[in-house]
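>
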Amino acid sequence: MEVHTSNSATDEVGLIYVAEGLHAGTPEAEETEILQVRRLPLREAVQWVLEGKITDAISVCGLLRVARDYAI
1 MEVHTSNSAT
11 DEVGLIYVAE
21 GLHAGTPEAE
31 ETEILQVRRL
41 PLREAVQWVL
51 EGKITDAISV
61 CGLLRVARDY
71 AI
């Protein structure tokens, strides 16, 4: 899925993929990255989107698309 993150200010495009069959590795964050990882069931993540707990546009788009495609 391709999303335009801020089409009024930039031509930046975000690409969203569903990946399956993966296993965890060791994260290698860049020096300036501040990431918070939370693992939760997909249904709960979609609920967090609807409640406004997840507001990052790319995450919202991806989660709602997966919810639709997998009938969550």
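Using the UniProt record's numbering, read the sequence shown as starting at 1 and increasing by one per residue.
Quick reminder that beta carbons are idealized off the backbone N, C-alpha and C, glycines included.
Can you give the Cα-Cα distance for P41 and E33, rounded to whole angstroms?
Reading the sequence shown from its first residue, position 41 is the one you call residue 41. Reading the sequence shown from its first residue, position 33 is the one you call residue 33. In a straight line, the C-alpha of P41 is about 25 Å away from that of E33.
> How about V37 and I16: are their beta carbons less than 8 Å apart?
For the purposes of this step, residue 37 is taken as the residue at position 37 of the sequence shown. For the purposes of this step, residue 16 is taken as the residue at position 16 of the sequence shown. Not closer than 8 Å, so no.
> Straight-line CA distance for I72 to R43?
The residue given as residue 72 occupies position 72 in the sequence shown. The residue given as residue 43 occupies position 43 in the sequence shown. Whole-angstrom Cα-Cα distance: 6 Å.
> Identify, in the order they occur along the chain, each residue of the same chain with its Cβ nearer than 7 Å to the Cβ of W48, setting aside the five sequence neighbours on each side.
Start at 1 with the first residue of the sequence shown, and residue 48 comes out as number 48. Hits under 7 Å: I54.
> Which of the three DSSP states, helix, strand or coil, is assigned to G14?
Your numbering for residue 14 matches position 14 in the sequence shown. DSSP places G14 in strand when its eight states are reduced to three.
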